[in-house]
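Notes to accompany the following structure.
Protein chains: 2
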Amino acid sequence: MHMPIVAHLIAYATKFQEAAVSNVRDAGPGIALYNRTILYECEKLMTLARLEQQLGFLREIDQLKSVVRQSPLLDRSRKENSAEHSWHLAMYALLLNEYAAGPVDTNRVMQMLLLHDIVEIDVGDFPIHGGSSALVQAEQEARAAARLFGMLPQLQGDQFLRLWQEFEEGETEDARFAKALDRFQPLLTNVFTGGGTWTENGVSLEQVFSRYGPVIKKGAPQLWSVCEQWVTRHFSQ
Amino acid sequence: MHMPIVAHLIAYATKFQEAAVSNVRDAGPGIALYNRTILYECEKLMTLARLEQQLGFLREIDQLKSVVRQSPLLDRSRKENSAEHSWHLAMYALLLNEYAAGPVDTNRVMQMLLLHDIVEIDVGDFPIHGGSSALVQAEQEARAAARLFGMLPQLQGDQFLRLWQEFEEGETEDARFAKALDRFQPLLTNVFTGGGTWTENGVSLEQVFSRYGPVIKKGAPQLWSVCEQWVTRHFSQ
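In the order they appear, the protein sequences are chains A and B.
All residue numbers for the first sequence refer to the working numbering, where the first residue is 5 and numbers rise by one.
All residue numbers for the second sequence refer to the working numbering, where the first residue is 5 and numbers rise by one.
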């Protein structure tokens with residue numbers, strides 16, 4: 005079932021249900037029973053249409069497993085994809101919440117991190133050392149978010165869209181911590197793979213400090229202290 | 005830093021800290037200031053050792069990205085790995101919680117699903133159609149869980165181990181729903197890839213009903229209704 009059909013079906017079932025409700029109110033017992041049956045069938049239909057939208061979205065985001073990032077796996081066997089990256093970040097949030105700069109709701113942070121990269125299904129991964137325009141990236145990602153979260157039942161889609169926007173804006177404590185982890189994990193990977201994307205892109209110590217530092221420091225200052233030592237040691241070797 | 009050294013360090017710092025505390029209680033202001041400095045240094049040392057354990061675990065579980073499952077991606081380009089599978093399942097939980105058989109804590113279900121496969125780093129994936137011994141599997145996985153969660157600071161490790169055990173036992177509402185999704189996702193994949201692991205393993209309609217049905221039905225009966233239709237249609241083609 006494709007999305008326009010599902011939307012049509014829901015609109016149709018809603019009207020049908022409204023008509024049945026008004027009939028139930030007006031009619032005698034025989035008609036009322038008949039109409040209650042219609043109501044019941046409508047509810048089943050609406051539940052199915054709703055589920056179909058949710059499953060459509062869950063099938064669509066399978067594609068995140070094919071979005072390849074710049075960062076390697078720690079064993080350097082291949083590049084990481086954005087789905088497994090999102091899994092790893094949720095585990096980082098679950099384990100490292102005590103290092104957040106302020107009070108955070110760990111579960112919200114996990115949810116943000118699970119869905120923060122879904123837009124890459126449409127626009128790909130913008131690498132931190134790629135020099136792309138932040139404005140162009142933001143516009144493309146906003147369109148992708150509208151399309152993807154728009155596949156869901158409306159209230160649910162709006163809720164996820166807001167959570168994604170909160171992450172992008174990075175102004176709440178939850179979003180700051182989530183963004184700090186999203187920078188911390190690839191930094192750790194680079195350090196523990198002997199340079200990773202820094203070596204590939206000829207990135208200097210100063211660039212590492214300026215591209216990772218402010219975001220990690222703002223959301224997780226203790227983690228940044230450790231990073232400073234790692235990075236300084238790495239570039240002195 | 006390796007785990008035994010970290011454990012040693014924590015034990016040492018704890019003793020040192022206890023000694024400093026008792027000195028602070030007994031001594032004059034000069035000694036007290038000196039001892040408070042020691043105390044402060046101890047705390048920093050302990051925080052660092054704790055963080056080192058957590059980061060060691062987060063590096064270790066990077067290997068889950070290299071555990072290959074039987075199920076394909078929906079575009080059939082390759083087999084799915086257990087890390088991206090765990091991400092997808094957490095998204096299933098976030099989106100489909102309204103179909104749980106009973107009241108569930110969605111965030112706990114997500115946490116369970118994020119860590120339910122981590123044991124596969126040591127023992128690999130036991131395929132549902134592989135005919136392996138459930139007892140042997142359970143023993144091997146319990147040993148893996150003890151080793152892996154044992155890498156974490158004790159309270160945190162114990163908490164995750166209990167959550168993993170709760171999933172394995174499958175007796176709480178949260179665990180039942182998590183287990184239902186862990187069966188539902190590969191069933192959906194098989195249906196939408198024209199057979200997937202069923203075709204590869206010569207699995208019959210009856211075997212699909214008996215291997216997936218009870219678990220999905222118990223945790224998410226409405227999802228099982230949809231599965232019954234899919235599976236019946238699939239095997240009638």
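Even glycine gets a Cβ: it sits at the ideal position worked out from N, Cα and C.
| request: Give a yes or no on contact between the region 124–136 of chain B and the region 76–90 of chain A, applying the rule of three or more CB pairs nearer than 8 Å. | output: no
| Chain-order list of residues whose beta-carbon lies under 7 Å from that of His6/B (same chain, five-residue window excluded) | The residue given as residue 6/B occupies position 2 in the second sequence. The predicted position of His6/B is uncertain, since its pLDDT is 48 and thus under 50; no value can be drawn from it.
| Endpoints, alpha helix (DSSP H) assigned at Glu84/A | The sequence position of residue 84/A within the first sequence is 80, counting from 1. Premise fails: Glu84/A lies in the beta strand (DSSP E), Lys83 to Asn85, not in any alpha helix (DSSP H).
| query | Is Ser208/A helix, strand or coil by DSSP? | reply | To locate residue 208/A, count along the first sequence from 1; it is residue 204. Ser208/A falls in the coil class under three-state DSSP.
| said: Counting only beta-carbon separations shorter than 8 Å, does Val123/A have a partner in chain B? | reply: Position 119 of the first sequence, counted from the start, is the residue given in the question as residue 123/A. Chain B contact via Cβ: absent.
| What's the gap between the Cα of Glu56/B and the Cα of Leu62/B? | Counting from one through the second sequence, the residue named residue 56/B turns up at place 52. Counting from one through the second sequence, the residue named residue 62/B turns up at place 58. For Glu56/B and Leu62/B, the distance between alpha carbons rounds to 10 Å.
| request: Answer yes if the region 192–200 of chain B comes into contact with the region 156–171 of chain B, meaning at least three C-beta pairs across the two stretches below 8 Å, and no otherwise. | output: no
| said: Count Cβ pairs between the region 172–191 of chain A and the region 96–104 of chain A that sit closer than 8 Å; are there 3 or more? | reply: yes
| query | Who are the near neighbours of Gly223/B in its chain, counting only those whose CB is closer than 6 Å to its CB and skipping five residues on each side? | reply | Within the second sequence, the letter at position 219 stands for residue 223/B. Correct list, in chain order: Ala105, Arg180, Phe181, Lys183 and Ala184.
| said: Determine whether the beta carbon atoms of Val235/B and Val207/B lie at a separation below 8 Å. | reply: Locating residue 235/B in the second sequence gives position 231, counting from the first residue. Locating residue 207/B in the second sequence gives position 203, counting from the first residue. No, the Cβ-Cβ distance between Val235/B and Val207/B is not below 8 Å.
| task | Could you tell me which chain A residues have their CB closer than 7 Å to the CB of Ser90/B, listed as they occur along the chain? | result | Locating residue 90/B in the second sequence gives position 86, counting from the first residue. In chain order: Trp91.
| said: Here's the rule: buried if 16 or more other CB atoms are within 10 angstroms of the residue's CB, otherwise exposed. What is Pro218/B? | reply: Against the second sequence, residue 218/B aligns to sequence position 214. Per the 10 Å Cβ criterion, exposed.
| message | Starting from Val195/A, trace the alpha helix (DSSP H) in both directions and tell me its first and last residue. | response | In the first sequence, residue 195/A corresponds to position 191, counting from 1. Start and end: Glu177 to Phe196.
| query | Is it buried or exposed for Lys48/A, if we count other Cβ within 10 angstroms and need 16 for buried? | reply | As a working note, residue 48/A is residue 44 in the first sequence. Classification for Lys48/A: exposed.
| query | Does Glu84/A get closer than 8 Å to chain B when you measure Cβ to Cβ? | reply | For the purposes of this step, residue 84/A is identified with residue 80 of the first sequence, where counting begins at 1. Taking Cβ atoms only, chain B reaches closer than 8 Å to Glu84/A, which makes this a yes.
| Arg40/A - DSSP class collapsed to helix/strand/coil | Position 36 of the first sequence, counted from the first residue, corresponds to residue 40/A. Here Arg40/A sits in helix by DSSP.
| request: Provide the residue span of the alpha helix (DSSP H) that contains Ser240/B, from first to last. | output: The residue given as residue 240/B occupies position 236 in the second sequence. Looking at the DSSP string, the run of the alpha helix (DSSP H) that includes Ser240/B is Pro225 to Ser240.
| Near Gln144/B, which residues of its chain fall below 7 Å by C-beta distance, leaving aside the five closest residues on each side in sequence? | Here residue 144/B refers to the residue found at position 140 when the second sequence is read from its first residue. Hits under 7 Å: Val127.
| request: Could you please tell me which residues of the region 36–66 of chain B, in chain order, have their CB closer than 8 Å to any CB of chain A? | output: Thr51, Leu52, Leu55, Gln58, Leu59, Phe61, Leu62, Arg63, Ile65 and Asp66
| query | How is Pro107/A classed by DSSP in three states: helix, strand or coil? | reply | Position 103 of the first sequence, counting from 1, holds the residue named residue 107/A. Coil.
| task | Write down the C-beta distance between Leu43/B and Gln21/B rounded to the nearest angstrom, noting that I regard them as a contact closer than 8 Å. | result | Taking the first residue of the second sequence as 1, we reach residue 43/B at position 39. Taking the first residue of the second sequence as 1, we reach residue 21/B at position 17. Right, their Cβ atoms sit about 6 Å apart.
| field | Cutoff 8 Å: Tyr96/B Cβ touching any chain A Cβ | value | As a position in the second sequence, residue 96/B is number 92, starting the count at 1. Closer than 8 Å to some Cβ of chain A, the Cβ of Tyr96/B qualifies, so yes.
| In three-state DSSP terms, what is Ser136/A? | Start at 1 with the first residue of the first sequence, and residue 136/A comes out as number 132. In this structure, Ser136/A counts as coil in the three-state DSSP scheme.
| message | So for Arg80/B, helix, strand or coil by DSSP? | response | The count along the second sequence starts at 1 and reaches residue 80/B at position 76. In this structure, Arg80/B counts as coil in the three-state DSSP scheme.
| Can you name the residues of chain B whose CB is closer than 7 Å to the CB of Val230/A? | Locating residue 230/A in the first sequence gives position 226, where the first residue counts as 1. In chain order: Leu55.
| task | Give me the Cα-Cα distance between Gln169/A and Arg151/A, rounded to the nearest whole angstrom. | result | Locating residue 169/A in the first sequence gives position 165, counting from the first residue. Locating residue 151/A in the first sequence gives position 147, counting from the first residue. Going by the C-alpha atoms only, they are around 14 Å apart.
| request: Can you grab the Cα-Cα spacing for the pair Phe239/A / Lys221/A, in whole Å? | output: Locating residue 239/A in the first sequence gives position 235, counting from the first residue. Locating residue 221/A in the first sequence gives position 217, counting from the first residue. Computed Cα separation, rounded: 20 Å.
| request: State yes or no: is the C-beta of Arg147/B nearer than 7 Å to some heavy atom of the ligand FAD? | output: With respect to small molecules bound, the structure shown includes none, and the ligand FAD cannot be examined in it.
| query | Are the beta-carbon atoms of Glu84/B and Lys83/A separated by less than 8 Å? | reply | Within the second sequence, the letter at position 80 stands for residue 84/B. Within the first sequence, the letter at position 79 stands for residue 83/A. Contact: no.
| said: At the level of alpha carbons, what is the spacing between Leu100/A and Asn205/A? | reply: Here the question's residue 100/A lines up with position 96 in the first sequence. Here the question's residue 205/A lines up with position 201 in the first sequence. If you take the alpha carbons of Leu100/A and Asn205/A, they lie about 29 Å apart.
| Chain-ordered neighbours of Phe196/A on chain B, where CB pairs are closer than 7 Å | Within the first sequence, residue 196/A is the residue found at index 192, counting from 1. Within 7 Å Cβ-Cβ: Arg63.
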